[in-house]
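Here is the structure we will look at.
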Amino acid sequence: MDKFVVQGGTRLVGSVNISGAKNGSLALMPATLLAPGTYRLRNTPNLRDVWTMSRLMGSLGAFCELNDNELFMDTREITAFEAPYEHVKKMRASFYVLGPLVARYGTAKVSLPGGCAWGPRPVDLHLKGLEKLGAEIEVTSGYVMASAKELKGAKIHFDISSVGATGNVLMAAVLAKGNTLLTNAALEPEITALARMLVKMGAKIDGIGTTQLEIQGVDNLKPVDEDTIPDRIEAATFLIAAAMTQGKIQLKKTNPYHLTSVIAKLEESGCEIDVNSDEITLEMNQLPVPTDIVTAVYPGIPTDIQAQWTAYMLMANGTSMITDNIYKDRFKHVPELVRLGADIDVIDNAAVIKGGKRLNGAQVMSSDLRGSASLVLAAMVAEGTTDIFRIYHLDRGYEELEKKLNNLGANIKRVKTDIV
Ligand code: UD1
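To convert, take the position in the sequence shown, counting from 1, and add 23; that gives the numbering used here.
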């Protein structure tokens, strides 16, 4: 296993290219099941989660090859319809194959994802939506079995705005007979991008970019080539990292429009930010002003930057409060930040941070993807050396994180370790 050895006290300066969105790719890849053929998904990030999805697609009979961030997929011979536990337990997004498989092939068996590091992660909304489209759903021995001779359009209201459920049900609805109306649909950019790819494939979807999607089912779709949108969470992580180190960085190949709420909060905390079409420049010349955030569905503050913002607020002289309304237990990183010297109390779904305390390097453990990112950020401003274990979590969702940060002036080494 690898660990990071981070030397603190560095300042980030320079420019960095933002990779394709992990969560974007994980939605586009299963969509290729809807129309047998060959696809080129450009700007696909070279990440563990993409490898996991490729392996899962491979086990269904698809061919996937990633070269220079272009993912070639061939879904002409799908021969299996099961997503086994070994894949789904590694990555919940594996559940995305359920909708396309049942819509295109009439049958699917997908392992229930179970919980994750920070609590239960239900799939009830996915199942309810597919049932409304006419799929017969049975849950036995940890697996969801879905079958349907033909899906039929329906009116589906999501009680909670869910990225995964919207994506899954949308992919099924495009091949259902008749019209489907999805209300309280997620409008995260990755879902909008999925809807756009489906339209390119021949789907009929109105209301893209809103919470109400009207779908007119079609009989067939065709394969396409598509660009993956930039990763807004990676971009936000770099912006926060630069702000923490009182640095000056320029993000390239990004989409500032997807980051409006994050940019507003960074400005509120004291950063100077300039944006143009696909670039963001951030300069920070002071300690941050304590700045509360409350996570929300898009275009609100993403839950996926909550942990990084917690690390950021350790630098502020004063108290700030981070409230997570999407995943209410997502605070596994807090005890590890405390090992570095942070003063944080978790009360219900909020972290209360008394910033301005001196941070000292220590040995810390990654627990999940974004939590691990917060440890890297805190380690970069801590005095001395920090060892971060279990960085495979980071490799799930950040492409060459240490290389990109080191190019900006960080001092991070990837080292083999026996500690698991
Ligand atoms: C996706 C993202 C993840 C991000 C999350 C919220 C991917 C691969 N992952 O996860 O990085 O943190 O959106 O932006 O895109 N819920 C239910 N029942 C369901 C489904 C969800 O109650 O059937 C709840 C969840 O517990 C959560 C909320 O809905 O409280 C939002 O979750 P959801 O948007 O579904 O997250 P994911 O799609 O799993």
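In this text, a Cβ means the ideal position worked out from N, Cα and C, and glycines have one as well.
query, result
"Contact set for Trp332: own chain, Cβ-Cβ below 7 Å, skip 5 residues either direction", "Ile263, Ile316 and Ile345"
"Nonlocal neighbours in the same chain, by C-beta distance under 8 Å from Phe118, ignoring five residues either side", "Ala106, Val111, Val133, Pro136, Val146, His149, Gly187 and Asn191"
"Residue environment, His180, which counts as buried when at least 16 other CB atoms sit within 10 Å", "exposed"
"CA-to-CA distance, Gly84 to Gly157, given in whole angstroms", "26 Å"
"Minimum C-alpha distance to Gly60 - residue among Ala177, Arg362, Arg99 and Gly379", "Arg99"
"Proximity test, Pro145 beta-carbon vs ligand 1 heavy atom, cut-off 6 Å", "yes"
"Buried/exposed call for Met24, threshold 16 Cβ in 10 Å", "exposed"
"Ser19: CB within 6 Å of a non-hydrogen atom of ligand 1", "Residue 19 cannot be examined here, being either before or after the span of the chain that is shown, 24 to 443."
"Per DSSP, cross-strand counterpart(s) of Thr409", "Val29"
"For Gly341 and Ile367, the rounded distance between their alpha carbons", "12 Å"
"Neighbourhood of Ser395 by C-beta, 6 Å cutoff - its chain only, sequence neighbours within 5 removed", "Ser389, His416 and Leu417"
"Reduced DSSP secondary structure (H/G/I, E/B, other) of Lys172", "coil"
"Any non-hydrogen atom of ligand 1 within 6 Å of Leu49 CB", "yes"
"Contact test: Leu70 Cβ vs ligand 1 heavy atom, cutoff 6 Å", "no"
"Reduced DSSP secondary structure (H/G/I, E/B, other) of Met344", "strand"
"Delimiting residues of the alpha helix (DSSP H) encompassing Phe104", "Phe104 -> no alpha helix (DSSP H), and no H or E assigned at all."
"Range covered by the beta strand (DSSP E) that runs through Arg99", "Careful: Arg99 lies outside any beta strand (DSSP E) and carries neither H nor E."
"When Ala330, Tyr166, Gly32 and Gly432 are compared against Lys351, the one with the closest alpha-carbon", "Ala330"
"Assigned secondary structure, Asn434 (DSSP; H/G/I helix, E/B strand, else coil)", "strand"
"Closest Cα partner of Gly37 within the set Ala265, Lys26, Asn372 and Ala405", "Ala265"
"Inter-residue Cα distance where the pair is Asp91 and Ile252", "16 Å"
"Three-state class that DSSP yields for Gln331 in the structure shown", "helix"
"Simplified DSSP assignment, three categories, for Ile376", "strand"
"C-alpha gap between Thr33 and Phe412, whole angstroms", "20 Å"
"Distance cut-off 6 Å: Thr333 Cβ against heavy atoms of ligand 1", "no"
"Whole beta strand (DSSP E) elements within the stretch 169 to 243, 3-residue minimum", "178 to 180, 202 to 206, 227 to 229 and 235 to 239"
"His149: CB within 6 Å of a non-hydrogen atom of ligand 1", "yes"
"Beta strand (DSSP E) segment containing Ala131, residue limits", "Thr130 to Ser134"
"Spatial distance of Ala385 from Asp410 (CA atoms)", "6 Å"
"Own chain, CB closer than 8 Å to Ile183, minus 5 neighbours either side, in chain order", "Leu148 and Asn207"
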